[in-house]
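Participant: Here's a structure for you.
Number of protein chains: 2
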Amino acid sequence: MVEHSGLDIMCLNKYCHSSSSSSSSSEHDKKIFSKLKHSLSRDYPRKNAEFLSGQYGTNVLLIGAALMLAIAHHGPAVKEEHLLSFVTCLMLLQLIWMMWYILARERQKNSRTEKDVHATTCWIRGGLTLLALLSLIMDAFRIGYYAGYQSCVSAVLGVYPVIHATHTVAQVHFLWFHIKDVIKSFETFERFGVIHAVFTNLLLWCNGVMSEAEHFLNNHKRRLSALGQGNLTIVHSEPHCNCTTSSCSMFSSSLYYLYPFNIEYHIFVSAMLFVMWKNIGRTINLSSNQKRVATKTQGLTLGPILGLLALASTIGILVVYITHVEESLRTRQSAISMFYIYGIVILVFMCSSSASGLIIYRADHVPLDTSKNPSRQLDTELLFGSSVGSWLMSWCSIVAVLGSESSPPYRWTNLVYSLLIVLEKYTQNLFIIESLYRQQEGREREDPELLAAPEIFSVTSSLAPPYNGIINRAYETPDRACVPMENEQEGGGQVYRCPRKPLEVPLPLENQVVEPPNIKRQILKNISVFLLMCNISLWILPAFGCRPQYDNGLEQETFGFSIWTTVLNFAIPLNLFYRMHSVASLFEVFRRV
Amino acid sequence: MVEHSGLDIMCLNKYCHSSSSSSSSSEHDKKIFSKLKHSLSRDYPRKNAEFLSGQYGTNVLLIGAALMLAIAHHGPAVKEEHLLSFVTCLMLLQLIWMMWYILARERQKNSRTEKDVHATTCWIRGGLTLLALLSLIMDAFRIGYYAGYQSCVSAVLGVYPVIHATHTVAQVHFLWFHIKDVIKSFETFERFGVIHAVFTNLLLWCNGVMSEAEHFLNNHKRRLSALGQGNLTIVHSEPHCNCTTSSCSMFSSSLYYLYPFNIEYHIFVSAMLFVMWKNIGRTINLSSNQKRVATKTQGLTLGPILGLLALASTIGILVVYITHVEESLRTRQSAISMFYIYGIVILVFMCSSSASGLIIYRADHVPLDTSKNPSRQLDTELLFGSSVGSWLMSWCSIVAVLGSESSPPYRWTNLVYSLLIVLEKYTQNLFIIESLYRQQEGREREDPELLAAPEIFSVTSSLAPPYNGIINRAYETPDRACVPMENEQEGGGQVYRCPRKPLEVPLPLENQVVEPPNIKRQILKNISVFLLMCNISLWILPAFGCRPQYDNGLEQETFGFSIWTTVLNFAIPLNLFYRMHSVASLFEVFRRV
Chain X
1 MVEHSGLDIM
11 CLNKYCHSSS
21 SSSSSSEHDK
31 KIFSKLKHSL
41 SRDYPRKNAE
51 FLSGQYGTNV
61 LLIGAALMLA
71 IAHHGPAVKE
81 EHLLSFVTCL
91 MLLQLIWMMW
101 YILARERQKN
111 SRTEKDVHAT
121 TCWIRGGLTL
131 LALLSLIMDA
141 FRIGYYAGYQ
151 SCVSAVLGVY
161 PVIHATHTVA
171 QVHFLWFHIK
181 DVIKSFETFE
191 RFGVIHAVFT
201 NLLLWCNGVM
211 SEAEHFLNNH
221 KRRLSALGQG
231 NLTIVHSEPH
241 CNCTTSSCSM
251 FSSSLYYLYP
261 FNIEYHIFVS
271 AMLFVMWKNI
281 GRTINLSSNQ
291 KRVATKTQGL
301 TLGPILGLLA
311 LASTIGILVV
321 YITHVEESLR
331 TRQSAISMFY
341 IYGIVILVFM
351 CSSSASGLII
361 YRADHVPLDT
371 SKNPSRQLDT
381 ELLFGSSVGS
391 WLMSWCSIVA
401 VLGSESSPPY
411 RWTNLVYSLL
421 IVLEKYTQNL
431 FIIESLYRQQ
441 EGREREDPEL
451 LAAPEIFSVT
461 SSLAPPYNGI
471 INRAYETPDR
481 ACVPMENEQE
491 GGGQVYRCPR
501 KPLEVPLPLE
511 NQVVEPPNIK
521 RQILKNISVF
531 LLMCNISLWI
541 LPAFGCRPQY
551 DNGLEQETFG
561 FSIWTTVLNF
571 AIPLNLFYRM
581 HSVASLFEVF
591 RRV
Chain E
594 MVEHSGLDIM
604 CLNKYCHSSS
614 SSSSSSEHDK
624 KIFSKLKHSL
634 SRDYPRKNAE
644 FLSGQYGTNV
654 LLIGAALMLA
664 IAHHGPAVKE
674 EHLLSFVTCL
684 MLLQLIWMMW
694 YILARERQKN
704 SRTEKDVHAT
714 TCWIRGGLTL
724 LALLSLIMDA
734 FRIGYYAGYQ
744 SCVSAVLGVY
754 PVIHATHTVA
764 QVHFLWFHIK
774 DVIKSFETFE
784 RFGVIHAVFT
794 NLLLWCNGVM
804 SEAEHFLNNH
814 KRRLSALGQG
824 NLTIVHSEPH
834 CNCTTSSCSM
844 FSSSLYYLYP
854 FNIEYHIFVS
864 AMLFVMWKNI
874 GRTINLSSNQ
884 KRVATKTQGL
894 TLGPILGLLA
904 LASTIGILVV
914 YITHVEESLR
924 TRQSAISMFY
934 IYGIVILVFM
944 CSSSASGLII
954 YRADHVPLDT
964 SKNPSRQLDT
974 ELLFGSSVGS
984 WLMSWCSIVA
994 VLGSESSPPY
1004 RWTNLVYSLL
1014 IVLEKYTQNL
1024 FIIESLYRQQ
1034 EGREREDPEL
1044 LAAPEIFSVT
1054 SSLAPPYNGI
1064 INRAYETPDR
1074 ACVPMENEQE
1084 GGGQVYRCPR
1094 KPLEVPLPLE
1104 NQVVEPPNIK
1114 RQILKNISVF
1124 LLMCNISLWI
1134 LPAFGCRPQY
1144 DNGLEQETFG
1154 FSIWTTVLNF
1164 AIPLNLFYRM
1174 HSVASLFEVF
1184 RRV
C-alpha cells in the first residue's frame, strides 16, 4: 500500500493542477457556497429521514414516560396536570398537522394519490370508530367531573377532555379518508407529522394504562387491608373540595369501565399510523396491491357454537369471580380455583385447534408469499412482541409455584394454567403467522391437487371484458364452457373457472379424492372463528378486573410485592393488547381462508 | 355471491364424482396418510421456522428472567444456585450443538459453504478474543473463590465457571471459523441451535448485568448510610464459613473489575450469532458480497490528538471522582460538578463533530446503498434501541431538575449535560447510520465531481491479468497509461485509474475545484476517530463506577429510591452497550470513509 500511495498523490496533483488553472479563488468560494446551499435544500435520504423522525418520536414518548414515572412517585414536584398539559400540546400539534395534510391533499386533488390497500380494512376502521365513540363518552364524563370540582382543580383537567374529543373526531376522519395514502411529496416533513401522531397515540395509550393500573392497584391494596394482610398506603387523588353537581362519583366510577376501550383505541390507531409512516415514499407494486377476499360462511357451525359457549361462560366466570374475591379467604380461594380450571379447559381447546390448523397447513404445501407488506410484517412483529409480557408472567408463576412453601388449593392448577398459556400463545402465533403469509391467488390454490384440474382466470372487470378473448377461447368447447365461479374481488371483478381440456394433461391419480374439496377450508374457518371468540373472552376477563395474578398470593410470596406488581404493570397491558390484536388478526385469517 | 355458489357446488360435485369413480375408500385413506406423513417430514416454511425458533429462544430467556426476578427478592425459595444450574444446562446444550455443527461441516468439507463477508470483521473477532481472555481470567477467579469456600457453598458454584470457561473457548473457536457460514442444510434444526446460542449468551449478559448492578447498589447503599441518609437494608450474600485459602477476598473483589468485559463479550457474541441466524437459508448476492476497504491513515492528526486528550482526562476524572465521592458532602458535590462540566465539554465537541460530518454528507450527494445486509440492519437497530435507555435517563434528569425544590450547585449543569446527551446520541446515530449506508464502489465515488474525470477499473488479480486487454487498451495512449492506484481490495486485487480521453467528454466546469479531492474524506476520518475515542471514554466512566446519577440525589428526590434505581438498572446496561457498540460501528465507519 505504501508503494502505491506515492503514485496516487502524483496522479491527483496532476489532475488538480490541470483543473484549477482556469479559475480564480473568489469564484470558487461562491460556487462551493451555492453548491452547499443547493445540497442542503435537497430532499434528505430516505433511510436517514426515517431515523431522524423515529428518534424524534421516541424522545417525545420518553419525555412522557419520565413525567409518568415522576407522577407514580406521588412527590410534590410533578403533578398530573403537567403530564396532561404536555399531552394536550402534543394533541394540538397533531391536529394542526392533520389539518395541514388534509388541506394539502385537497389542493392536489387532480393528481391521484397512491393507496396501499393492505394498510387497513373497512371492518378495522369500523371497530375503531366504535372504540372512538366510547372514548368520546369518556371525555364527556371527564368534562362532567371537571364541572363538578371546577373550583379546586386545575383548568388543565377541563381543557384536556375537550382537546381529546376534538382530536378523536379529527383522527377518525383521518383514518377513514387518508390512512391508506402513500405520501410522495414533502416526504421529510410528512414523516415528522406521521411519527408525531404515532407517538402521541402511544403516549395516550401509556397514560391510559398507567391510570388504569393505578386504579386497580389501589383497589387491590384496599382488598388486602380488608383481609388484614396489608400495611400498604393507599394514595387518594380526590380533589380537596365538594362536588357541586350530584353525579361526580358516578362519573369517576364509570370512567374505569370505559378505560379498556380507550386504551385499545389508541394503540390500534398508533399501529395503523405506523404502517402509514412505513409507506412514505414507498413504490407500491400494483400487481401485489390487489386484495382478493371472499367471506363465505358456508359450513360454519362448530366454531361459532363453541366460541359463543366460551364467551357466555366467560361472562359468568367474570361475575362470580368479582363478587366472590372480595369476601372471605375461603370464597376467595374457590373463586381463584374456579378461574384456573375454566382457563385450563378453554386453553386446551385453543391449543388443540391451533395445532390442528397447523397440521392442516403441513398437509397442504403452499409456498409462502414473501412480497413486501409493511402492514403484515408489523402485525406479526406485534403479535410476537406482545406475547413477551404474558410469557414473562407465566414463567414467573411457574417459578413461584415450584419454589413456593405454602400450598393453596389452586397451586397445581396455576402451574398447568401457566404452562398452557405459554403453549397456547406459541401455537396460536404460528397459526396466525402462517395463515397471513400463505399465498392465496384464487382460493383453490389451497388444495394443490385441485390446481391441476380447473384453470382459474381472475379478471378485474374494469380492466378487461368478462371473457378474456385469447386465453379463454382455447378452452371454450360446447360442453366445457367457462362458468362464472364467484364474485371474488372487492372491485366487483369476476373469476371464471374453465375445466381443463381432457386431452392435454391426464388426470393425476392423486386427484381421486372423495372428500369435498373445501373441507379443509371449512375446518380452518371454524378454527379461526373459535379462536377469535376465545381471544375476546380472554381479553374481557383481565380488562374488567378478573386478575388472579394479583389475588392468589403465590407469586407475591416469591417475588415480593413491588417486583411482582412491576411485572404485572408491564405484562398485563401487553397481554390485553395481544388479545385484541390477535382478534383482529384472526378476523383477517377468517376472511382469507 | 349467492347466485354463483350454486354453480360452484355443481361444478365441484361433477368433478368429484368423475375422480372418485375409480377408487375405493380404504386406498384413499392410505394415500391421505402417506401424503400427510410426507408433508410433515418436509422442510418447514422459512418464515414459520424463524418464528418457531424465535419463540423458543425468547421463552428460554424469559425463564431466566423469571429466576432472576425471584433472586432479586432475596426470598427463601429461589437461590442463585438455581439460576446458575439452569444457565449451565443451557451452555452444555450449546456446546453439544456446536460440536455437532463443527463435525457436520467437517464431513461436508468437499462442498463449499457460502459465507457472508459482511457478517463480521477480523478486528471485531480479535477484540472479542481479548474480551474472552478476560472472561477466562474471571472464571479462574471464580474457581479460586469456590475452592476457598468449598465446604459451605453449593457445588454448582464450582461447576459453573468450569463449564463457562469451556463454553468460552469453544465459542471463540466457533466465531473464528464458522460465524460467517450461510447454513443451507438441516435449516430448521440449525435455526434452533443458533437461536439457542443467541439467547444463552443474552442470558449470560443479563446475569452479568444483574450481578454487577447488585454489587453497585450495595456499595451505593453503604455510601448512603455512611452519610447518614439511609435506613436501607444491605443484603450480604457472603458464605457462612471461613475461607480456607488466603486470597478469597482478593478473588471476589477483583471479579467486579472484570465484569464489564465479560458483559460486553456476551452481548457482542449474541449480536453476531443473531446475524448468523438471520443468514440461515439466505441466498447471498455475490456481486454485493465483496468488501472493498482500504484503511489509509494519511492526514490523521487532529482527531486522534483530541481523542487521546479526552481519554486521558477521562481517566483523571474517574480517579478523582471515585476517591472524592465517598468523602464529605462538600467534596462529593464538587466531584459531581466536576463530572458534569467535563461531560458538557466533551459532549459539545462530540455534537459539533457529528454535525459537521452530517453537513459534509449533505454537501456531497451519494445515493444510499439499500441492498440487503442483515448485519448492517441489526447494527442500526441496536444503535437506535440501546439509545432509548440513556434517553430515558436523561429525560428523567431533566424532569427532576425542573421540578426539584432543592438546589445543589450542580443543578443546572446536570440539565445542560442531560440535554447534550440527548442531542449527542441523536446526531451521532444519524452520522453512523448515514456512513454505513452510503455507497462506496471505489472510494472516489464519494466526490461526485471527480467521478466524471478518471475512470476506475477494479480488477481482482486472481481473475484477470493486471492490464485487462479489451477495455483498457482503448485508453492506452503513450502519455496517458493506466497507473496502479492503490491496493484497494482485501484479496490483493489492484485498482487502475486511467485518465479520461480528453476528446470524448469535455471537462465539466464544476471540476475546477482547488481543494485536494480527499480533504472531505480526511475530515470524516478525523471525526470518526475522535468520536470513537470519546465513546470509549464515556464507556469507561460508568463501567468502572463513576455514576453520578446515583450520587447526585436530585432524581432520587423526584422519583423515589425504588423507581429511580429501577430506571438506572434498566438504562445503564443499555448505555454501556450503546457505547461499546458505537465504538465498533465507528471503527467500521473509519475504515469505510
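Protein chains in written order, with our numbering: chain X, 1 to 593; chain E, 594 to 1186.
Every residue gets a Cβ at the ideal spot worked out from N, C-alpha and C, and that includes glycine.
In this structure, does DSSP put R142(X) in helix, strand or coil?
Facilitator: It is helical.
Participant: Contact defined as beta carbons within less than 8 Å: I believe I856(E) pairs with V802(E). What is the distance between those atoms, to the nearest angstrom?
Facilitator: Confirmed, about 6 Å.
Participant: Are the C-beta of V1098(E) and some C-beta of chain X separated by less than 9 Å?
Facilitator: Since pLDDT at V1098(E) reaches only 40, below the 50 mark, its modelled position is unreliable, and no value is offered.
Participant: Taking C-alpha atoms, which residue in V762(E), Y1030(E) and L985(E) lies nearest to H958(E)?
Facilitator: Comparing Cα-Cα distances from H958(E) to each of V762(E), Y1030(E) and L985(E), the minimum goes to Y1030(E).
Participant: Can you name the residues of chain X whose CB is closer than 7 Å to the CB of F1152(E)?
Facilitator: Simply L69, A70 and H73.
Participant: Would you list the residues sitting across from D774(E) in a DSSP beta bridge?
Facilitator: According to DSSP, which records beta bridges pairwise, D774(E) is partnered with K708(E).
Participant: Round the Cβ separation of F51(X) and I1026(E) to the nearest angstrom and send it over; I've been treating them as touching at under 8 Å.
Facilitator: That pair is a contact at about 5 Å.
Participant: Per DSSP, what kind of secondary structure is P547(X) in: helix, strand or coil?
Facilitator: One point to set straight first is that residue 547(X) is Arg, not Pro, in the sequence displayed. Note: R547(X) maps to coil in three-state DSSP.
Participant: Strictly by DSSP, which residues pair up with L368(X)?
Facilitator: Answer is R438(X).
Participant: What separation, rounded to the nearest whole angstrom, lies between the Cα atoms of M1173(E) and W716(E)?
Facilitator: The alpha-carbon atoms of M1173(E) and W716(E) are separated by roughly 14 Å.
Participant: Tell me where the alpha helix (DSSP H) around Q377(X) begins and ends.
Facilitator: From DSSP, the alpha helix (DSSP H) with Q377(X) extends over P374 to G403.
Participant: What is the DSSP secondary structure of R1172(E), reduced to helix, strand or coil?
Facilitator: R1172(E) falls in the helix class under three-state DSSP.
Participant: Would you say V1015(E) lies against chain X (beta-carbon separation less than 9 Å)?
Facilitator: V1015(E) counts as touching chain X.
Participant: Taking C-beta pairs closer than 9 Å, name the residues in chain E that F384(X) reaches, listed in chain order.
Facilitator: Going along chain E in sequence order, the residues near F384(X) (Cβ under 9 Å) are F644, G647, Q648 and T651.
Participant: Put N1196(E) into one of helix, strand or coil per three-state DSSP.
Facilitator: Nothing about residue 1196(E) can be read from this structure; chain E reaches only from 594 to 1186.
Participant: Determine whether the Cβ of Y426(X) lies closer than 9 Å to any Cβ atom of chain E.
Facilitator: Y426(X) counts as touching chain E.
Participant: Whose Cβ in chain X lies nearer than 9 Å to the Cβ of A670(E)?
Facilitator: In chain order: V399, A400, L402, G403, S404, E405, E557 and T558.
Participant: Let me see if you follow: with CB-CB separation under 9 Å, is T142(X) close to chain E or not?
Facilitator: This sequence places Arg at residue 142(X); Thr is not what is there. So no, R142(X) is outside the interface.
Participant: Are at least three pairs of beta-carbons, each pair with one atom in the stretch 1146-1166 of chain E and one in the stretch 992-1000 of chain E, less than 8 Å apart?
Facilitator: Output reads yes: the stretch 992-1000 of chain E touches the stretch 1146-1166 of chain E.
Participant: Going straight from the alpha carbon of V162(X) to that of I96(X), what length do you get?
Facilitator: Computed Cα separation, rounded: 16 Å.
Participant: Strictly under 9 Å for the Cβ-Cβ distance: is T188(X) near chain B by that measure?
Facilitator: Protein chains X and E are contained in the structure displayed, whereas chain B is not.
Participant: Do L131(X) and Y265(X) have their beta-carbon atoms positioned less than 9 Å apart in this structure?
Facilitator: Going by C-beta atoms, Y265(X) is nearer than 9 Å to L131(X).
Participant: For the alpha helix (DSSP H) containing G650(E), list its first residue and its last residue.
Facilitator: Where G650(E) is concerned, the enclosing alpha helix (DSSP H) stretches over R639 to A665.
Participant: Is there a Cβ of chain E sitting closer than 9 Å to that of P45(X), yes or no?
Facilitator: Closer than 9 Å to some Cβ of chain E, the Cβ of P45(X) qualifies, so yes.
Participant: Using 8 Å as the Cβ pair cut-off and three pairs as the minimum, do the stretch 567-586 of chain X and the stretch 543-552 of chain X touch?
Facilitator: Result yes; three or more Cβ-Cβ pairs closer than 8 Å.
Participant: Taking the alpha-carbon of S337(X) as reference, which of G553(X), T200(X), L524(X) and R223(X) has the nearest alpha-carbon?
Facilitator: For S337(X), the nearest C-alpha among the options comes from G553(X).
Participant: Which of the three DSSP states, helix, strand or coil, is assigned to S840(E)?
Facilitator: Of the three classes helix, strand and coil, the one that applies to S840(E) here is coil, per DSSP.
Participant: Among residues of its own chain, excluding the 5 on either side of Y1003(E), which ones have a beta-carbon nearer than 6 Å to its beta-carbon?
Facilitator: Once the five neighbours on either side are set aside, the close Cβ partners of Y1003(E) are I929, S930 and Y933.
Participant: Decide if L901(E) is buried, meaning its Cβ has at least 16 other Cβ atoms within 10 Å, or exposed.
Facilitator: Exposed: under 16 other Cβ atoms inside 10 Å.
Participant: Under a CB-based cut-off of 9 Å, is T759(E) close to chain X?
Facilitator: With 9 Å as the cut-off, T759(E) does not count as an interface residue toward chain X.
Participant: Along the alpha helix (DSSP H) that carries S337(X), what are the first and last residues, could you check?
Facilitator: Here the alpha helix (DSSP H) through S337(X) covers L329 to R362.
Participant: Can you give me the C-alpha to C-alpha distance between A903(E) and I1112(E), rounded to a whole angstrom?
Facilitator: A903(E) and I1112(E): Cα-Cα distance of roughly 24 Å.
Participant: Name the chain E residues that come within less than 8 Å of N596(X), Cβ to Cβ?
Facilitator: Residue 596(X) is absent from the structure shown; chain X starts at 1 and stops at 593.
Participant: Residue range of the alpha helix (DSSP H) that R282(X) falls in?
Facilitator: Premise fails: R282(X) is in no alpha helix (DSSP H) and is neither H nor E.
Participant: Are the stretch 277-286 of chain X and the stretch 141-149 of chain X in contact at 8 Å, needing three or more beta carbon pairs?
Facilitator: Result no; under three Cβ-Cβ pairs closer than 8 Å.
Participant: Answer with buried or exposed for A312(X), where buried requires no fewer than 16 other C-beta atoms within 10 angstroms of its C-beta.
Facilitator: The residue is exposed, with fewer than 16 neighbouring Cβ atoms inside 10 Å.
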